[in-house]
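Enquirer: The working numbering puts the first residue of the sequence shown at 12, with every later residue one more than the last. Think of the CB as a built atom: it goes at the ideal place given N, C-alpha and C, for glycine as much as any other residue. Model, not experiment: these values are computed from the prediction. Have a look at this one.
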Amino acid sequence: MKIILYLAILLLLFSCNENTALTDAETAENEPATGVTSPGHTSGALPEIKSEEAIKAAYAEVVSKLKSGSMDSTSFGYDCNGEKSGQVTYFSDNGQLRLIRHTYNAYSHFSAIDEYFLKNDSLYFVFSKQVAWSFADQNKTKDNVTENRTYIIGNKAVKCLQKKYTILADANDATKAETSMGANKQVACTSLNAVANELAQLLELRTKNPEAKTCLPGIVT
12 MKIILYLAIL
22 LLLFSCNENT
32 ALTDAETAEN
42 EPATGVTSPG
52 HTSGALPEIK
62 SEEAIKAAYA
72 EVVSKLKSGS
82 MDSTSFGYDC
92 NGEKSGQVTY
102 FSDNGQLRLI
112 RHTYNAYSHF
122 SAIDEYFLKN
132 DSLYFVFSKQ
142 VAWSFADQNK
152 TKDNVTENRT
162 YIIGNKAVKC
172 LQKKYTILAD
182 ANDATKAETS
192 MGANKQVACT
202 SLNAVANELA
212 QLLELRTKNP
222 EAKTCLPGIV
232 T
């Protein structure tokens with residue numbers, strides 16, 4: 012019963028991601044990354060993203076189309092020996108890939124969501140949310156949540172934000188929850204090479220036989 016209530020809380024948490032991923036921006040700098048692009052076609056190319064305002068506008072457009080259900084999507088699920096599992100969904104608009112959403116969990120006590128926003132086959136924003144939970148005491152569960160937001164222009168992370176907060180919930184009543192909410196804080200950006208590698212893997216998996224996707228090595232850790 013405690014596990015079921017906890018999963019209900021996680022579903023509510025993830026449902027808020029689309030509206031809150033781009034909030035409270037602070038500036039930061041980072042060196043350029045390599046290969047943060049999609050190998051797709053660019054026919055009918057959209058205006059290039061060259062500013063933070065353009066990132067916000069492109070993000071808002073994708074979220075709006077997701078809400079209206081006007082984007083095409085394909086997805087696949089995977090399971091790694093019953094220990095790690097997840098789902099990857101690709102969202103396209105007029106033939107152009109605009110968003111990759113990867114949700115996954117491991118060992119019952121960890122779950123995450125990674126979202127990669129693309130325009131003209133180039134990555135411009137990454138949102139990730141990780142939740143690690145444990146029993147705070149006999150009657151309460153504790154979720155430690157970390158959210159990261161990365162703004163990217165020309166393969167360079169120009170802004171990096173992090174938010175951490177804790178959720179305490181009654182193990183017997185999921186509606187009784189207390190949230191200790193933190194604010195978005197400026198953090199030093201790290202290299203985008205790891206992000207580029209994960210994105211490249213997800214793009215490659217898009218064309219493979221779903222039956223072969225039992226694990227995603229290098230992505231789920």
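According to the neighbour-count rule (16 or more other Cβ atoms, all chains shown, within 10 Å of its Cβ), is S139 buried or exposed?
Expert: buried
Enquirer: Rounded C-beta distance between Y115 and G97? I'm assuming under 8 Å.
Expert: Confirmed, Cβ separation roughly 3 Å.
Enquirer: Express the C-alpha separation of F128 and K67 in angstroms, rounding to a whole number.
Expert: 11 Å
Enquirer: So what does DSSP say about E126, is it helix, strand or coil?
Expert: strand
Enquirer: With DSSP as the reference, label L213 as helix, strand or coil.
Expert: helix
Enquirer: When DSSP labels each residue in this structure, what does V198 get in the three-state scheme?
Expert: coil
Enquirer: Please report the residue range of the alpha helix (DSSP H) in which K78 lies.
Expert: For K78, the enclosing alpha helix (DSSP H) covers residues E63 to S79.
Enquirer: Along the beta strand (DSSP E) that carries S96, what are the first and last residues, could you check?
Expert: K95 to D104
Enquirer: Which residues bound the beta strand (DSSP E) around Q260?
Expert: What is shown of the chain runs 12 to 232, which leaves residue 260 out entirely.
Enquirer: For S86, which residues in the same chain have their Cβ closer than 8 Å to its Cβ, ignoring the five residues on either side in sequence?
Expert: Contacts found: Q98, V99, T100 and Y101.
Enquirer: Taking all protein chains shown into account, decide if K170 is buried (16 or more other Cβ within 10 angstroms of its Cβ) or exposed.
Expert: K170 sits buried, since 16 or more C-beta atoms from the chains shown fall within 10 Å of its C-beta.
Enquirer: Who pairs with H113 in a beta bridge, going by DSSP?
Expert: V99 and D125
Enquirer: Helix or strand or just coil, what does DSSP make of N159?
Expert: strand
Enquirer: Taking 8 Å as the threshold (C-beta atoms), are Q173 and N159 in contact?
Expert: yes
Enquirer: What residues match up with L134 in a beta bridge as DSSP calls it?
Expert: L129
Enquirer: Figure out for me which residue from F146, W144, N150 and L77 has the closest Cα to the Cα of D104.
Expert: L77
Enquirer: Anyone know if the C-beta pair for I163 and L134 falls short of 8 Å?
Expert: Between I163 and L134, the C-beta spacing is below 8 Å.
Enquirer: Determine the extent of the beta strand (DSSP E) in which T85 is found, giving its start and end residues.
Expert: D83 to C91
Enquirer: Given that a residue counts as buried once 16 or more other Cβ atoms are within 10 Å of its Cβ, and exposed if not, what is C27?
Expert: Its pLDDT being 48, under 50, C27 is placed unreliably in this model, and the value from its coordinates should be taken loosely. Under this definition C27 is an exposed residue.
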